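Undergrad:
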Amino acid sequence: MARTPRALPLLLLLGLPLPEPTPTLGYNIDTTHPRVLASDAGGNFGYQVLQSKDASLLVGAPGDQNSTGQLYQCAVKNEWVWGDMGEADSAQMPYLGMVLESDSEDDRVITCGPGLQRTCDGNLYVSGACYLFRGRLERPQEVTPGYVDCLKGNVDLVFLFDGSGSMTDEQFQAILDFMISVMEKLGNSTIRFAAVQFSLDVRIEFDFNAYKENPNPRMLLGKVRHMKSLTFTFKAIHTVAEQVFTPKRGAREDAKRVMIMITDGDPSDSGDVKAAEKKNIVRYIIGIGNNFAKDKFGILKQFASEPVSQFVKVLDSFDKLKNLFSELQAKIYDIEGTRTSSRSSFHLELSSSGFSVDMSKGRLVLGAVGADDWAGGLIELQGDPAQEIFIKSPSSNGEKSYAVKSMQHQNRTLYAVGAPRYQHIGMVVVFQTHPDSTNWTDIQHIKGKQIGSYFGAVLCSVDMDGDGDTDMLLVGSPLYYEERSGGRVHIYHWDQARLTNTTVLQGAMGNPLGRFGAAITQLADLNGDGWADVAVGAPLENEERGAVYIYNGHPTGLNTEYSQRIEGATVSPGVKYFGQSIHGQMDLGGDGLTDIAVGALGEVFVAGLGDPVAGFPRSPTMHFLPKEIPVKQVECSGAAASQQGVQVTLTVCFNTVRATVRYRDPPFAHQSRSLPTSPTGWRWMPTARNGQRNMSRSWSILDGEHCINERLQIGNCIEDYVTPINILLRFALEEDNITSWLPVLNPLYNSAVTEIPFEKNCGKDEKCEADLKIHFHENTSKALLVSPSDALQVVLKLINDGEDAYRATVHMPLPPGLSFRKASVLERNVQARISCNGLVAPDTNFRNLSCNISHPIYWGNSSILFQLLFDVLSDSSWEDFLELQVMASSDNERNGSLENNRALLQIPVLYPVNIITKSPPRASACPPQIWLLLPRPLAPSAPHPLWPRAWPGHSHLVCSLIPLLDVTVFVVVPDVFLKELFWLPQGVQTDSNVTCHVRKDAHSPCFNHAQSCLSAQQQIYECRLGELDTPSVITVTGLLHDASEIQESSQSPFCTALCFTFNTHKYSLLSNDFMQSQVTTEVELVYVMNYLPIYVGSGVGGLLLFILIIVGLYKCGFFKRNYKERLDYGNGVGPAGASPE
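Those letters in the sequence shown? Residues -26 to -1, 1 to 1115, by mature numbering (1 follows the signal peptide of the UniProt record, and there is no 0).
1. Could you have a look at L150 and say whether DSSP puts it in helix, strand or coil?
2. Quick check on A493: buried or exposed, where buried means 16 or more other Cβ atoms within 10 Å of its Cβ?
3. Which residues does DSSP pair with Y389 in a beta bridge?
4. From this set, R821, L746, T237, which residue's C-alpha is nearest S837's C-alpha?
5. Could you give the distance in angstroms between the alpha-carbon of G60 and the alpha-carbon of V378?
6. Alpha carbon to alpha carbon, how far is residue 1122 from G619?
7. State the DSSP-derived secondary structure class of S646, mapped to helix, strand or coil.
8. Return helix, strand or coil for M235, following the three-state DSSP convention.
9. To the nearest angstrom, how far is the alpha carbon of S26 from that of A390?
10. Spatial neighbours of A574 within its chain, please: CB distance less than 7 Å, with the 5 preceding and 5 following residues excluded, ordered by chain position.
11. Any contact between the stretch 106 to 120 and the stretch 141 to 161? By contact I mean 3 or more CB pairs, one from each, below 8 Å.
12. Between which two residues does the alpha helix (DSSP H) containing V1070 stretch?
13. Please name the residue in L302, I236, N128 whose C-alpha comes closest to that of D228.
14. Give the list of continuous alpha helix (DSSP H) stretches no shorter than 4 residues that lie fully inside the stretch 993 to 1060.
15. Which one of T118, S291, Q1025 has the shortest CA to CA distance from E1058?
16. Taking the alpha carbon of N516 as the point to measure from, which residue in Y536, G481, G527 has its own alpha carbon closest?
17. With a cut-off of 8 Å on the beta carbons, I'd call I1008 and V945 a contact; round off their distance for me.
18. Identify the residues that DSSP records as bridge partners of N475: which are they?
19. Using DSSP with H/G/I as helix, E/B as strand and the rest coil, what is P191?
20. Is G120 helix, strand or coil when you go by DSSP?
21. Please classify T1030 as buried or exposed, where buried requires at least 16 neighbouring CB atoms within 10 angstroms.
22. For T415, I'd like the list of residues in its chain whose CB is within less than 6 Å of its CB, leaving aside the five on either flank, ordered along the chain.
23. Once you ignore the five residues that flank residue 1199 on each side, which residues in its own chain have a CB closer than 7 Å to its CB?
24. Can you tell me whether I1083 is buried or exposed? The criterion is at least 16 other CB atoms within 10 Å of its CB, across all chains shown.
25. Could you give the residue range of the beta strand (DSSP E) that holds F750?
26. With a CB to CB cut of under 6 Å and the five nearest residues on each side skipped, what residues in its chain are close to V605?
27. Tell me, which residues are paired with D136 by DSSP?
28. According to DSSP, S451 sits in a beta bridge with which residue or residues?
29. What are the start and end residues of each continuous beta strand (DSSP E) run of 3 or more residues lying completely inside the stretch 932 to 979, in chain order?
30. Specify whether the stretch 154 to 167 and the stretch 115 to 124 touch according to this definition: at least 3 beta carbon pairs, one from each stretch, less than 8 Å apart.
31. Counting only the same chain and skipping the five closest in sequence on each side, list residues whose C-beta sits under 7 Å from that of R998.
32. Can you tell me where the alpha helix (DSSP H) with F285 in it begins and where it stops?
33. In its own chain, which residues sit with a C-beta less than 8 Å from the C-beta of T568, not counting the 5 before and 5 after it?
34. Counting beta carbon pairs with one atom in the stretch 207 to 218 and one in the stretch 230 to 248, are three or more of them shorter than 8 Å?
35. Would DSSP call A543 helix, strand or coil?
36. Going by DSSP, name the residue or residues bridged to T93.
Written as structure tokens, this is what we have:
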């Protein structure tokens, strides 16, 4: 039937960067019309599927404990029909069909049931049975690998139990209960029992005859009474040997003789056990109680068989007898003789052989997971009739041989063996076989990582190119758990002679319990590219409906993105466990296309390749004119409106072929059209001639080459004009409703990528070589002041003496105490900008400040001066010095010019302090004015009784807000007071008992403007206070006395000054206003005269004058009476009534 031309939709995305193609949910496997097979075999139909070389399909349907497993063969005759159904003689094979395997080189098929059970002398044996077919399921060859014959052995066992009075009735009853429990559990066997109690006497409670007649331990021991006396142990052992192990008591000649003695203390008698040794009685001793705590073998070893460590068991309480049965049972089985001496306990009795099978190149290898006490092993069948070769597991745990898969590499035959329970994480062991011998050598152990993931439960060896050599090994971890997806498939490639994990496959998100990797199989080449493909089943995804993933191969391995995900719900709404088994190697429909069989719960779905694959032998070619984008036309060097951008012509050429070469229909044609998209997340994007950022075209293409043209507009003001513009071309076939059989494109090969480069102005050689130089500018902060209010200023100059530098960057490691604030350009000779960000450097406490300089291009022969400001965090830890380091780099730095790309600067780290010096508030210590009243001595040479005298002088207060180190105080004291007074300084004292010394050098290192108050003659005292953590008072004292005869009063100021120094390498003063202080006292000298002689002389002279006046008046008759009367009369004063004469 002729094919209708098909559309080839073209999707063109332009932008940076390019997103990866999203995997499609559908490819060329037709899921719309699957063939469905079902049977009345029950829910396990479809547990295994296998395509046979005769174009038939084999389906395994294992049963359970109550049903028989089945194997079905379905043939194809135009439609799916039931062919002859072969059913093996599986009356005892409930798990038949659990394993299906075929040989790739012939038509042999094998199916196994690993649950072949039988009882041997009361023990359950589990092996397996397999059926080997050639072609159809007729006349199979039955093999029973790992089958162990039941070899029965007789055992006569005597319980010799202590009945002494040292134990209570409850303890004695515990011994009876233990013996009853053992006899009941081992009753259905060839073991016969007898029981003997011993104390002072020895009493046979029942013998072998009694047990043979009535093997009911509860009745036999129901009337036993506690003897409660001494412990005659040697006597009891002798009685058992001579009187119980006799034919009269029912002992058998061919039976192994076993005695189990239970006691709680030392024997009360003495003797030996020669009678027991003579009759080869195996003696197993159980000691109970604290009597055996110190030396558990010391007392009991004289009764036990050799080696003592295996035949003596000490328990600290009677309650622990309940947990002793399993150990005792193993001892009895070893003694029983049901196994030959060359075998360990449970070698192949529980082998479950056939749990896994590999059949390739004529070799048949089966897994025996239960061999060697569930350590696992392999059984290789060689020859006809088949001869078994057992391959022992290299370790003792993990159920090895859960999965087995053969590999070919470097002319070697290898086998990968899965042990998913090894140490709970799983392991895969790689064996190398030797063609000339039966030796197997384990050469590599690959361990899982997650506990409980069942790493190694599923194995698949893949020959990608069909050359016969294994290219990779896929290891399934179906129980791997992650919050969003469950199950993993690990891909291992060869690295020399070993397998190395390269990548991991995982299922769709939202299925944490999906069991991705429960089935893995190599498929035939589905897409016609010449490389094998792989299918992975996830039967519990989508609420247990299941899903199957298709992964396409390529020359270097396997694509990690699936090309198709087939959900079980889309195939059949009610399906469950879709993908529990998969096989796809054959063309079952006769159309030249591979069909895939997928097993589900009770169903099998067969889907064919719905469409042939169309593809391109090489990627479509794309060409541009112009070949490079001129940078000057797209950079932001002027007004944006003045830039018109660049127009580019894109030419795309396709060469269409059919990838599925087996498809026999005529060639098909294509008609193309576009699928419009709108890329987001980018500030600019090239536009097509329609003004949009994607293009839409449709055209028809037949087999062969076809080209199209499209114009693209590159906009102006592009930020990145270094990285080429990537062009992504996507194309897909257009669907129609006319025909149902359409060709398809491979979704992993439906795109092409190219790029349009920008023009480089790098001279004739078109190779830009930058020459960057960087150094610290003088305006950089001279010190780091640890204060939140202060900022560190770093000024750098970057020079490019070479050609254009691409992605020029300045790096500066920052300690934790610096916080980047901003960057600014101070000077530049070209258009330049700077942007910085801080990133934490790995494995260090430093962050790395990275500043981009004029990205993407820092032009040649240019320079830039820029400033970096940092905030200082005061709560950080600092060293004495801060080392600043800057590095300049670019993508194209010239070789040999890197020595100037780095600059170092070391500045001191200072802590701010606030120290104050002033006069203290006490007036008595620092008087503002003093008057000295100095009376003149009576004689010039006679000293005054109160002279000389001490004067307290001045006091200065020095305090700091924080503890300060290396503080030194300098005090200036004058030598001269007044010219009439002599001033003798006594010294300078501190309240911290620091001695102050007079400096020999009269110069002070810290005084400045206070010099004006000082006299020409002075002394400078130096007081080294050291650490200043509390206020300190500095006091100046001295003596005063007269220097010469005082002639007159006078007045003069007396001034002392103080300043200080400290460790300026570590501290910085916030303010200089209080670095020094001075105290001035106004001294007034008052000259006081001696007025006593004047007072005495004046008094004496006044008295003499008064006497002379009195004498004169007397002489004049002043004191006579008549004279007085006349005076009075003369004044007109007389007696009353009298009148003058």
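Glycine included, each C-beta is placed from N, C-alpha and C at the ideal position. Note that this is a predicted model, so its numbers are computed, not measured.
TA: So, to answer that:
1. In this structure, L150 counts as helix in the three-state DSSP scheme.
2. buried
3. S380, F405
4. Among R821, L746, T237, the Cα nearest to that of S837 belongs to L746.
5. The predicted model places G60 with a pLDDT of 45, which falls under 50 and marks its position as unreliable, so this point remains unresolved.
6. Any property of residue 1122 remains undetermined from this structure, which presents the chain solely from -26 to 1115.
7. Because the pLDDT at S646 is just 41, under 50, the model does not fix this residue reliably, and the point stays unresolved.
8. strand
9. Cα to Cα, S26 sits roughly 24 Å from A390.
10. G20, G520, G542, V549, K550, Y551, F552, Q554
11. They do not touch, by the three-pair rule.
12. 1066 to 1089
13. N128
14. None, since the stretch 993 to 1060 contains no complete alpha helix (DSSP H) of that length.
15. Q1025
16. G481
17. 6 Å
18. Y466
19. helix
20. Coil.
21. Buried, since its Cβ has 16 or more Cβ neighbours within 10 Å.
22. Closer than 6 Å at the Cβ level, and outside the excluded window around T415, lie Q406.
23. Nothing in the structure corresponds to residue 1199, since the chain is present only between -26 and 1115.
24. exposed
25. Following the DSSP letters along the chain, one finds F750 inside the beta strand (DSSP E) bounded by residues 746 to 750.
26. Y695, F732, E733
27. F172
28. R462
29. Runs found: 938 to 948, 955 to 964, 970 to 972.
30. no
31. T942, V968
32. 282 to 285
33. L497, A498, D499, L500, G558, Q559, M560, D561, G582, L583
34. yes
35. helix
36. L98
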